[in-house]
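Number of protein chains: 2
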Amino acid sequence: MMTSVTRASETTAEAATAAMLIRRVGARATPARVRVLWLLRSAPAALTHHEIEKALGELALDRVTLYRVLDWLVESGLAHRNADAQRMFRFSAASSGEHATHTHFRCENCGRVFCLDAVPPSPPHLPEGFSLSRLELDLRGRCAECTCEQR
Amino acid sequence: MMTSVTRASETTAEAATAAMLIRRVGARATPARVRVLWLLRSAPAALTHHEIEKALGELALDRVTLYRVLDWLVESGLAHRNADAQRMFRFSAASSGEHATHTHFRCENCGRVFCLDAVPPSPPHLPEGFSLSRLELDLRGRCAECTCEQR
DNA sequence: CAACCACCTGCAACTGTGTTGCGGGTGTCC
DNA sequence: GGACACCCGCAACACAGTTGCAGGTGGTTG
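Structure below.
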């Protein structure tokens, strides 16, 4: 069925990939899930609930449904959730491989979060009893766009 | 944890230090500010609003006043604010020197945030136009306490 | 094919963290 | 001691995220 996310032929392949990823987890590839995952996978940065809602345009889902889809994506490992500096959740597609170490850039002006490919930083050593499961490098500053308008 | 603000003599010196820090910024060292800053400075981890409220015990302030004190501390550079994974703000005292690079450990079980002294990781290089102001290493895992009770 | 069942969707109402407005109190300075 | 700035607390609000429930959808089974 696949209600078209857009009509461009190349993106239907992307949508099919998203659907495939969803089915692989053993769940129905509903339009809502496909759209959202497709959007996350094509976004260069982590998106807020609100940004996703806007980006879906007239294909938008109910607010709650979107929350539930996002929760489900996170729970099944297809997406990641992080709270940004404005204490809002931001969602990004999980890279197919590992996500154990990751680098984000948070713009202090517009609040957006970008996922960077950067060298995994050296593993530090922890106080006794602490166990490490994941490591994240967090860069703060201004993104290219905000540096331009340099308020 | 964190018994109330006591009358022990040694802590009065700590309180005096807090008051001094506040006055140095050019502001009144009100009891509320002194108490909160003192608490933050003696805490091993970043605290939520709620934890601070509890820790102050019967000396507790109004909810709103506490928020305003915290805002003021952040604004004057005496404290730092970060959103944790549960999208709640956590506050920590600013170290006297720089805070440009910093390492946090976030417990995925209890949500607490610990400030670690760790080597500043090497600065990676950014996409064109991005400017870096701060760098943070974010470790996720289980803190000693939660590793013990190992759910 | 019809009944069934699991699951997805949407509406409404709720929760809890953080914020704003405002009146009143407390210090400080001339 | 009067004016002023600042601080405090109460109440009401704003908003992201959640829960409950009724209804729809699609696949499966007899």
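Protein chains in written order, with the numbering used here: chain F, 1 to 151; chain W, 1001 to 1151. All C-beta atoms, glycine included, are put in the ideal place defined by N, C-alpha and C. The model shown is predicted, which means the values in this text are computed figures rather than measured ones.
{"Query": "Is W:Thr1012 buried or exposed, if buried means 16 or more other CB atoms sit within 10 Å of its CB?", "Result": "exposed"}
{"Query": "Does DSSP put W:Ser1076 in a helix, a strand or coil?", "Result": "coil"}
{"Query": "To the nearest angstrom, how far is the alpha carbon of F:Ser133 from that of F:Cys110?", "Result": "30 Å"}
{"Query": "Secondary structure at F:Ala83, three-state DSSP: helix, strand or coil?", "Result": "strand"}
{"Query": "Mind checking if F:Thr147 is an interface residue toward chain W, Cβ cutoff 8 Å exclusive?", "Result": "yes"}
{"Query": "So the candidates are F:Cys148, F:Leu37, F:Glu136 and F:His125; which of them puts its Cα closest to the Cα of W:Glu1128?", "Result": "F:Cys148"}
{"Query": "Would you mind giving the Cβ-Cβ distance between W:Leu1139 and W:His1104, rounded to the nearest angstrom? I have them listed as a contact below 8 Å.", "Result": "7 Å"}
{"Query": "Less than 7 Å separating the Cβ of F:Leu70 from some heavy atom of the ligand COA?", "Result": "Only the bare structure without any ligand can be found here, which leaves the ligand COA out of the picture."}
{"Query": "Listing by chain order, which chain F residues have their CB less than 7 Å from the CB of W:Arg1028?", "Result": "Residues of chain F passing the Cβ test: none, with the nearest at roughly 29 Å."}
{"Query": "Any beta carbon from chain F within less than 8 Å of W:Glu1053's own beta carbon?", "Result": "no"}
{"Query": "Please return the same chain residues whose Cβ sits closer than 8 Å to the Cβ of W:Arg1087, not counting the five positions on each side in sequence.", "Result": "none"}
{"Query": "Please confirm whether F:Ser55 and F:Leu39 have their CB atoms less than 8 Å apart.", "Result": "Checking the sequence, you will find Ala at residue 55 of chain F rather than Ser. Yes, the pair counts as a contact, with Cβ atoms nearer than the cut-off."}
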